[in-house]
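First residue of the sequence shown: 139, per the working numbering; consecutive thereafter.
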Amino acid sequence: MEEKDHRALLNQGEENELEVFGYQTQSLRRAICLTASVLTCGVLLLVFYWRPQWRVWATCIPCPLQEADTVLLRTTDEFQRYIRKKVIYLYLSTLKFPISKNPEEPLVADRHSVINHAILKPELKLRCIQVQKIRYVWDNLEKRFQKVGLLEDSHSCYDIHHMFGLGLTHEEREVRRLVCGPNAIEVEIQPIWKLLIKQVLNPFYVFQAFTLTLWMSQGYIEYSVAIIILSVISIVLTVYDLRQQSVKLHNLVEDHNKVQVTITVKGKGEQELESRLLVPGDALILPGKCSLPCDALLIDGSCVVNEGMLTGESIPVTKMPLPHMENTMPWKSHSSEDYRKHVLFCGTEVIQVKPTGQGPVRAVVLRTGYNTAKGDLVRSILYPRPLNFKLYSDAFKFIVFLACIGVVGFFYALGVYMYHRVSLRHTVAMALLLFTGTVPPVLPAALTTGIMYAQKRLKKKKIYCISPQRINMCGQINLVCFDKTGTLTEDGLDLWGTVPTADNCFQEVHSFASGRALPWGPLCAAMASCHSLILLDGTIQGDPLDLKMFEGTNWIMEDCNVDYCKFRTSDSNIIIKPGPKASRSPVEAITILRQFPFSSSLQRMSVVAGLAGEDHFHVYMKGAPEMLAKFCRSETVPRNFPQELRNYTMQGFRVIALAHKTLSLGKLSEVDSLSREKVESELTFLGLLIMANRLKKETKPVLKELREACIRTVMITGDNLQTAITVAKNSEMIPQGNQVILVEANEPEEFVPASVTWQLVENQENGPGKNILVNGTIFARMSPGQKSSLVEEFQKLNYYVGMCGDGANDCGALKMAHAGISLSEQEASVASPFTSKTANIECVPHLIKEGRAALVSSFGVFKYLTMYGIIQFIGASLLYWQLQLFGNYQYIVQDIAITLMVCLTMSSTHAYPKLAPYRPAGQLLSPPLLLSVLLNTCFTCIVQICAFLYVKQQPWYCEVYRYSECFLDNQSNFSTNMSLERNWTGNATLIPGSILSFESTTLWPIGTINCITVAFIFSKGKPFRKPIYTNYVFSFLLITALGLTVFIMFSDFQAIYRRMEFIPTTTSWRVSILVAALIQFCVAFFVEDAILQNRELWLLIKNKLGFCSKSQYRNWQRKLAEDPTWPPTNRTDYSGDSQNGFYINQGYESPEQIPKGKLQQGGQTTEQHFWTRL
């Protein structure tokens, strides 16, 4: 068997790429595994549940995918997660009509369809697998699994119109429905019992169940019951949260599956049915306002839809029909990046339809179910990307390390008890008891509690989180990307003025502030007609920029009436005419005949319009000035165009250019057949529209706060570079007095390779490559896809990336970032980990502060519980030496009254109000943390061993554990100053599991006070959390716990001593114990605070040892710092050149990270920043 037959790729090149391996189940192997499962009381089944790949390897043998009855899927990311799936057979014989078994006859009209390749004849069956809600069928021709539930992208425009335009036959629809499945986005509300089982079968809870069962069998009933109650509460809260999310998501998509639609069935006409019965290729009729139940390709008529569900921006978008083309080019390639203008996406709302001719508006079903845009959004929530965060992987390693200590303790206990010839049953029980004591059972509840505290505090600040695990990750964010419009600046734009052109020169500016109406002319006509506004229920709706531009003309929109019926076409139900305040115009009305909608990738839009009283037609175009100038005749573009554009963009204005040309067409019908290429060519440049884009008042202080915290800020915008630069300067994202280099990347053309031009200009800069990624501050003219890719590239350089956007065009980047913060409440924000109800960027520092506080709290809790386990382990190990244990109530006081209460409130300390200029440690396995645990362990060992040995030297000491009966008989009078003789007579017998002894009486208070003091030591406040005394509950519990311990030590109440199973000792000995604990606290506190938490000391050590960060972006920065030629200026680099430049941006990096030589070089006080235009 060849490897290529056994292995293949699913979704190659996509984000959810998977490797798939073929396996065949073997009956003998399966029987052996079943027997082993019974013999191990289900433990093997549990292991197979945790490791599905082991189950496949144990019960199956590798085979070619074509013969497999089981497949094993593995993700191709760094996590290498496995999924096991059974191969399912679908039989066409279940259909209620005869099906041809002739291999030459296709079952669906599309001969190239994967359905034809998947069905085996004459058996009439096919093989498929269901992976993350998507169905894949085995393609017998290509020999691989292929996705179904969508039309192939290889179809040309001609194929779409002629193969599917008239609808599918009833028989073909039934075949497609069987193969593709229902058109439904079904989110099952998980039953509570299933959620409970999933939680309970978590490896940690299974280990916890084993531990508690063992402890209860040894008499530790009260503590075990307390941990069980806490675990049950933790599990119930988790299940409740998961259930609520499941219900919310179910309600979000429920209505999608209940839509009634009308389709055209070939040979039968129109038919009404439920949307869940739709199949790819159906001809869907759009009657008017409706919610789209699938992705569809518009083939007749046009319509206006609200895509707020996808983009987060509730503005009408005009969709145009797929053109009738005779060529064989795939329809997507024909439309290039603008193909979305033909696609109606599932979940979006059709708010207006515009038929052409006599027929209705029709669309061909393109994708169904979870293959649709909405389905993909829901799948991204159901199957989120795993978090690649060091804390979680380190936590697992740490628990394994603690378990290893437990294993050492296990064998130590076995040795001791076997040496004393204790019964095997008791020996194993005691050894297991010591083994389980190292991993604290309260750990998951304590860590979960910390996240819940942070989530609650964020909620008070109106920041909502659907992925609580990401809160800790926010504490590591060192780069935040911001969208510009609607995020840093206000949503709305104010009209400032127009700059018309005449005779190849810019004319006098028309200021809107003057109150004068805009004079009639081609520029006014362009502003009145070149937009995507619609009239809905008497209200003009559309893009805010279009709306503002249209309002500036003082023209109005009206429903078409009989006076202008000769201009009315199916593409337009409204006319535009002068309003009462408009300037006098010879034109009574304008009718928009054809629209070529705006797209972010094209950076322009255009319309074909008819003016009342004229026989010819006009083309009006608006867009980004640099882009629009390329489509105008050069003689019409003023020579000083770049300077004039720069003049306004440098002032922070949003600049739109407008153009016009006259079309010589004889017939109105010819307008529909015009191509965009023909329309958008040889235009006359009309002038510039200048709009003011104001900063939000919160922007400047927030960016200043982030800059002072050495958190890099980056602007990613689709707007003009110069405008973005000015916004960055005004917001002080770029400090004043900085040099700027403009870098423009150009794509390769016929005989010219790709090039990068570097030009030193006043206060600007830009460029491509990793050298720019580590320095770029503004990335302009970015499409939505490029935003997402840019965030991913930052992550590859080991940045922890936050992304803040208003939802419009930012959804991909918000999902890609470690912490995506949406300022939109639209459905699209559901996929963003965080959503802020306050529509400004104040949420960013709040989130980072809470993330840092949560991260530090998690580390503190982890360290505390680790030390708590080690403290108990050391004390228990010493007592095991003489076959003794701590008493039940000794554990109860130590574990419940102290440790449990303390660790559950330790994380409730609020975040420090000011961001520190550095991040907390992001790894558990870092030197300071490991040294902290190691040194505290050493201190504990020294103090407990010394106390254990020193108590034996006291004159009143006796081996109570050997003479327990004699001791109890002689202890008729309870006294704290008794004098016991060493020369007792009687049977000196070791009693396994005894509790009463001077050793346990001495070790318990030392261990308990140690638990209290390490809780205080590890609860560090500033710079990431408020001081410990502000956490009133935690402080009160610490003081109470310490007071309770001291009270128990020095009390002379016989009832307390008998219940705690202590032996009264002299007051001087108790004072000695207290002094020893106090000395240990002072030493541990000094070491932790003055050495281990001393950042300056660690930086000095790093510098002396030559230690450098291994992060990719740090490596690049070091290269940049060593290159004296960077950045290049006034030159052009072509692809193939080997020259690379590097530069360090001192504006957001800590001085200690930059070589001193580079800092001193040149002696310049200005810093340079990169701006990137892609």
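We treat Cβ as the ideally placed atom computed from N, Cα and C, and that holds for glycine.
Asked	Found
Would residue 984 and residue 596 qualify as a contact pair, given that the criterion is a beta-carbon distance under 9 Å?	yes
Would the beta-carbon of residue 865 fall within 9 Å of that of residue 913?	no
Below 8 Å on the Cβ atoms is my contact criterion, and I expect residue 951 with residue 622 to pass it. Report the Cβ-Cβ distance as a whole number of Å.	The Cβ separation is near 13 Å, so there is no contact.
Taking the alpha-carbon of residue 624 as reference, which of 769, 836, 457, 722 has the nearest alpha-carbon?	836
What are the complete alpha helix (DSSP H) segments, minimum 4 residues, inside the region 207 to 291?	252 to 256
I want to know whether the region 1012 to 1029 touches the region 627 to 641 - three or more CB-CB distances under 8 Å.	no
Evaluate residue 178 with the Cβ neighbour count: other Cβ atoms within 10 Å of its Cβ, from every protein chain shown; 16 or more gives buried, anything less gives exposed.	exposed
Contact between the region 740 to 755 and the region 815 to 834 is defined here as three or more beta-carbon pairs at a separation below 8 Å; is this criterion met?	yes
Would you mind listing the beta strand (DSSP E) stretches within the region 809 to 835 that are 3+ residues and don't spill past its ends, in chain order?	822 to 830
Once you ignore the five residues that flank residue 521 on each side, which residues in its own chain have a CB closer than 7 Å to its CB?	270
Under the three-state reduction of DSSP, which class applies to residue 1004: helix, strand or coil?	helix
Are the region 1154 to 1173 and the region 1038 to 1054 in contact at 8 Å, needing three or more beta carbon pairs?	yes
Between which two residues does the alpha helix (DSSP H) containing residue 145 stretch?	Counting along the chain, residue 145 falls outside any alpha helix (DSSP H), though it belongs to the beta strand (DSSP E) covering 145 to 148.
Count the other CB atoms, across all protein chains shown, that sit within 10 Å of the CB of residue 436; report buried if there are 16 or more and exposed otherwise.	buried
Compute the beta-carbon to beta-carbon distance between residue 664 and residue 824, rounded to the nearest angstrom, for a pair I have assumed lies under 8 Å.	6 Å
Only counting the same chain, and skipping five residues up and downstream in sequence, which positions put a Cβ closer than 8 Å to that of residue 132?	Because the chain in this structure spans residues 139 to 1312, residue 132 falls outside the shown range and cannot be described.
For residue 372, which residues of its own chain have a beta-carbon under 7 Å away from its beta-carbon, when the five flanking residues on both sides are left out?	582, 583, 586
To the nearest angstrom, how far is it from the Cα of residue 497 to the Cα of residue 408?	13 Å
Whole alpha helix (DSSP H) runs in the region 1006 to 1077 with 4 or more residues, listed along the chain?	1026 to 1030, 1039 to 1043
What does the Cβ neighbour count give for residue 1093, buried or exposed, with the cut at 16 atoms within 10 Å?	exposed
Run through DSSP, which three-state label would residue 1203 get?	coil
For residue 822 and residue 774, what's the separation of their Cα atoms in angstroms?	6 Å
In this structure, how does DSSP classify residue 358 when only helix, strand and coil are distinguished?	coil
Do you know offhand how far residue 1347's Cα is from residue 1136's?	As shown, the chain starts at 139 and ends at 1312. That puts residue 1347 outside it, with no answer to give.
Tell me whether the beta-carbon of residue 366 lies closer than 9 Å to the beta-carbon of residue 352.	no
Could you round the C-beta distance between residue 357 and residue 1026 to whole angstroms and report it? I think they count as a contact, below 8 Å.	6 Å
Give the range of the beta strand (DSSP E) segment to which residue 655 is assigned.	First-last for residue 655: undefined, no H or E at that position.
Report the rounded CA-to-CA distance for residue 827 versus residue 218, giving the unit in angstroms.	53 Å
In whole angstroms, what separates the C-alpha of residue 1189 from that of residue 1149?	21 Å
Are the beta-carbon atoms belonging to residue 1063 and residue 536 less than 9 Å from one another?	yes
How is residue 850 classed by DSSP in three states: helix, strand or coil?	strand
Quick one, which of 691, 672, 661, 684 has its alpha-carbon nearest residue 650's?	691
Quick one: using the 10 Å Cβ neighbour count with 16 as the cut-off for buried, is residue 1181 buried or exposed?	exposed
Thinking just about the alpha-carbon of each residue, which of 577, 556, 552 is nearest to the one in residue 569?	552
Starting from residue 324, trace the beta strand (DSSP E) in both directions and tell me its first and last residue.	Note, residue 324: premise wrong, no beta strand (DSSP E); not H, not E.
Given that a residue counts as buried once 16 or more other Cβ atoms are within 10 Å of its Cβ, and exposed if not, what is residue 749?	buried
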